[in-house]
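These protein sequences, in sequence, are chains A and B.
Just so you know, the first sequence maps onto residues 96 to 206 in the working numbering.
Just so you know, the second sequence maps onto residues 11 to 122 in the working numbering.
Below: the structure, in structure tokens.
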Amino acid sequence: DAKTTQPTSMDCAEGRAANLPCNHSTISGNEYVYWYRQIHSQGPQYIIHGLKNNETNEMASLIITEDRKSSTLILPHATLRDTAVYYCIALSGAGSYQLTFGKGTKLSVIP
Amino acid sequence: KAGVTQTPRYLIKTRGQQVTLSCSPISGHRSVSWYQQTPGQGLQFLFEYFSETQRNKGNFPGRFSGRQFSNSRSEMNVSTLELGDSALYLCASSSGTGREQYFGPGTRLTVT
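In structure tokens, the structure reads:
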């Protein structure tokens, strides 16, 4: 699976949109981009995934560039409960479900 | 629908002992994966089971083993515990059609 690169940390004001970038320049055509987050001491939580089209669900939006080399996770109205480590993972559409977690982005939502 | 459950939630063991952790996936999910999380190494993949077969294994010594039962429940076993095995052990399940994984709360293992 392709390697992903994320900033180590970001701050966001409560109520504002949080935009978390991810670089995956070596992603292959059959690899999806998955986002998970982990709130302190809890198990990771699935957020959203996409292949090449933009995706939206009740938690977030995922914007994938046309060349698929990068993506952005958008939390439209960040709350204090969104403070967590966010992981961007490239995962093949076939075979094992193994997730390779990097260090992720520590998002701090500031009151 | 109930989420992934893991038992026990907390465990303290002594070096040299063995331990068995249990995971019950979301109803209908056929894939179960196990991960180890430590402050130093982060989240690392242990192994994945699908329909009772180990489909993939991470880079861990043979002391770490697992199995999956016909009802998709899974157990992992660690023999001859070492201090470095102290970690949060996470189980995740997936439907087998969708690839998103749903994690349990984890078992916090402390080895003294």
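From the three backbone atoms N, C-alpha and C, an ideal C-beta is built for every residue, glycine too.
From a predicted model like this one, the values you see are computed outputs, not experimental measurements.
Report the rounded CA-to-CA distance for threonine 90(B) versus tryptophan 130(A), giving the unit in angstroms.
35 Å
For histidine 119(A), count neighbouring C-beta atoms within 10 Å of its own C-beta (all shown protein chains included) and say buried if the count is 16 or more, exposed if not.
buried
Glutamine 51(B): which of Gln78(B), Asp95(B) and Phe79(B) sits nearest, CA to CA?
Asp95(B)
Could you give the DSSP three-state label for leucine 146(A): helix, strand or coil?
coil
Excluding the 5 residues flanking glycine 199(A) on each side, which residues of the same chain have their C-beta closer than 7 Å to its C-beta?
Gln101, Val180, Tyr181 and Tyr182
Distance, Cα to Cα, threonine 99(A) vs alanine 155(A)?
19 Å
Thinking just about the alpha-carbon of each residue, which of Ala12(B), Thr17(B) and Gly13(B) is nearest to the one in leucine 119(B)?
Thr17(B)
Residues in its own chain within less than 7 Å of threonine 174(A) by CB, not counting five upstream and five downstream?
Glu109 and Val204
Compare the C-beta of arginine 65(B) against all C-beta atoms of chain A and say whether one is closer than 8 Å.
Cβ-Cβ to chain A under 8 Å: yes for arginine 65(B).
What does the Cβ neighbour count give for glycine 188(A), buried or exposed, with the cut at 16 atoms within 10 Å?
exposed
So the candidates are Met105(A), Gly197(A), Leu170(A) and Glu161(A); which of them puts its Cα closest to the Cα of isoleucine 143(A)?
Leu170(A)
Please report how far the alpha carbon of glutamine 137(A) lies from the alpha carbon of asparagine 152(A), in whole angstroms.
22 Å
May I ask which residues mark the beginning and end of the beta strand (DSSP E) holding asparagine 114(A)?
113-118
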